[in-house]
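Reviewing the structure listed below.
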Amino acid sequence: MTSEGRGTRDRPALARLLAVSPDTFAADNWDRQPLFTRAAALPSHFDDLFTAEAVDELVTHRGLRTPFVRMAREGTVLDPGRYTAPGGLGAEIGDQVSADKVLDEFSGGATLVLQGLHRTWPPLADFTRQLITDLGHPVQVNAYITPASARGFDPHYDVHDVFVLQITGEKRWRIHPPVHPQPLRDQPWTDHRRAVELQAQADPAIDEVFRPGDVLYLPRGWIHSATALGGTSIHLTLGVAALTRHDVLREAIAQAAVDTSLRSALPLGIDLTDAATVGALLADVVQDLARYTAGDDTGDDKTAQARSQAQAVSGRLARRVRPGAEPIAPLATTAAAAALHEVTTVSLRRGLDARLRQGLDQADVALLLPGKTVTLPAEATDALTQILSGHTLQAGDLTGLDPASSLVVARRLVREGVLVVR
Numbered sequence: 001m002t003s004e005g006r007g008t009r010d011r012p013a014l015a016r017l018l019a020v021s022p023d024t025f026a027a028d029n030w031d032r033q034p035l036f037t038r039a040a041a042l043p044s045h046f047d048d049l050f051t052a053e054a055v056d057e058l059v060t061h062r063g064l065r066t067p068f069v070r071m072a073r074e075g076t077v078l079d080p081g082r083y084t085a086p087g088g089l090g091a092e093i094g095d096q097v098s099a100d101k102v103l104d105e106f107s108g109g110a111t112l113v114l115q116g117l118h119r120t121w122p123p124l125a126d127f128t129r130q131l132i133t134d135l136g137h138p139v140q141v142n143a144y145i146t147p148a149s150a151r152g153f154d155p156h157y158d159v160h161d162v163f164v165l166q167i168t169g170e171k172r173w174r175i176h177p178p179v180h181p182q183p184l185r186d187q188p189w190t191d192h193r194r195a196v197e198l199q200a201q202a203d204p205a206i207d208e209v210f211r212p213g214d215v216l217y218l219p220r221g222w223i224h225s226a227t228a229l230g231g232t233s234i235h236l237t238l239g240v241a242a243l244t245r246h247d248v249l250r251e252a253i254a255q256a257a258v259d260t261s262l263r264s265a266l267p268l269g270i271d272l273t274d275a276a277t278v279g280a281l282l283a284d285v286v287q288d289l290a291r292y293t294a295g296d297d298t299g300d301d302k303t304a305q306a307r308s309q310a311q312a313v314s315g316r317l318a319r320r321v322r323p324g325a326e327p328i329a330p331l332a333t334t335a336a337a338a339a340l341h342e343v344t345t346v347s348l349r350r351g352l353d354a355r356l357r358q359g360l361d362q363a364d365v366a367l368l369l370p371g372k373t374v375t376l377p378a379e380a381t382d383a384l385t386q387i388l389s390g391h392t393l394q395a396g397d398l399t400g401l402d403p404a405s406s407l408v409v410a411r412r413l414v415r416e417g418v419l420v421v422r
């Protein structure tokens, strides 16, 4: 189904952040215009994702280390030594968050930033995996905890889109149009510092006090700053590292390194100071890249080659988007593999990057996984194809294998973190 045809039920995480339909958001706001939504217009609040108690839990009991935590005051990022310390016997390295030091700095007006919460806080990890699927772009999550009447950062723009979720307290946001629209990741706001400062002095496009449950979508490049009001303010920033046409071009060029004509040296004695020469060279390179991407003009071979190159570029881009596999518990997984029987239901681990490749000698088949390859006899090819379809199966009923062999393969794949017991 195309993205235009997908409904709210197909994008459950995104739908939680919007009062409009995901399709309307895609047409009117995505990568173009901010969207501010009051909590009353949204399907639900976000207490299931994050709370003030979660902040204390993370700071006090989870042993967070830099760079998963940082602090800032009035636009200045604090030296980590001001809020980290050794953790005692067995944890002497001084990069662990210190609750005592955090309290001192927070009481003095510093903002606490908890970074990478999509990796350290399970409810946000689950939500983020779904949001990545909904958007088709990578997402990461930070929390900003700001004391009353404090400002953590100067007016600036981000090189990624954000969804801002106000969790507790109130914060006033001032938002201005871009001075450098749709910046790439290597085009930070500091490259345009003076223009940003001047733009921030003009009348804002949005000037709102955010209250618990409110949500803002802000495309990359839009200038913003925020000040806490009253008590402590906590908000989540869901950073969307939107892939661009520039990313597609970069991956196509990287993949094109296998083409010998594009690897050939420039002519001996070429004058690269001559604009006409470089222009002709650029046109020639673009033509070669187009030829490589489309395949050679040799009938069916052209179609096959073009499909192969497209698949290669697709794989490079997809690896940047995949949300990561669902977590597995090593001890529970080991026990589940040992206890597996023929009617145990199993399925492919959600989010796992797994690809099938025929073995070089045709006697085996390889399952390519992040960081390792699992090799099985070629007789398991149909079973692996069935597993990669994502359907729930019985361990003793894999396609093309008798029950005993099916159970052996299923047990191996549970131990390898490919299959999970459902």
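Here full-length UniProt numbering is used: the first residue of the sequence shown is 1, the next is one more, and so on. For each residue, glycine too, the CB sits at the ideal point set by N, CA and C.
- Nearest to Phe-127 by alpha-carbon distance, out of Pro-147, Arg-62 and Ala-15, is Ala-15.
- If one requires a minimum length of 4 residues, the alpha helix (DSSP H) runs lying completely within the segment 45-114 are 52-61 and 99-107, in chain order.
- Across the set Gly-63, Gly-81 and Phe-68, the C-alpha of Gly-63 shows the shortest separation from the C-alpha of Gly-90.
- Counting only runs of 4+ residues, the alpha helix (DSSP H) found wholly inside the UniProt domain "JmjC" (110-257) occupies 117-120, 122-135, 193-200 and 245-255, in chain order.
- Between the alpha carbons of Ala-383 and Gly-417 lies a gap of roughly 16 Å.
- Of the residues assessed, His-246 falls on the exposed side of the cut-off, its CB having fewer than 16 other CB atoms within 10 angstroms.
- With the rule of 3 Cβ pairs closer than 8 Å, the segment 388-400 counts as touching the segment 338-352.
- Here Asp-191 is exposed: its Cβ has fewer than 16 other Cβ atoms, across all protein chains shown, within 10 Å.
- Annotation note: the segment 330-414 contains the following uninterrupted beta strand (DSSP E) runs of length 3 or greater, listed N- to C-terminal: 345-348, 355-358, 364-369 and 372-377.
- In this structure, the beta-carbon distance from Thr-84 to Ser-98 falls below 8 Å.
- For Leu-35, the uninterrupted beta strand (DSSP E) segment begins and ends at 35-37.
- Leu-419 carries a strand assignment under DSSP once its states are collapsed to helix, strand and coil.
- Cβ atoms of Gly-239 and Val-77 stay farther apart than 8 Å, at about 17 Å.
- Closest in alpha carbon position to Glu-197, among Arg-211, His-180 and Gly-213, is His-180.
- Spatial neighbours of Leu-317 in its own chain (CB-CB distance under 6 Å, excluding positions within 5 residues in sequence) are listed in chain order as Glu-251.
- The segment 216-235 makes contact with the segment 146-159; the number of CB pairs closer than 8 Å reaches 3 or more.
- Burial check for Pro-327: the Cβ neighbour count within 10 Å stays below 16, so the residue is exposed.
- In the DSSP annotation of this structure, Thr-273 is not part of any alpha helix (DSSP H), being labelled neither H nor E.
- A Cβ-Cβ separation of about 6 Å places Ala-354 in contact with Leu-388 under the 8 Å criterion.
- Here DSSP, grouped into helix, strand and coil, assigns Asp-259 to coil.
- Put simply, the backbone Cα of Thr-232 is about 8 Å away from that of Glu-170.
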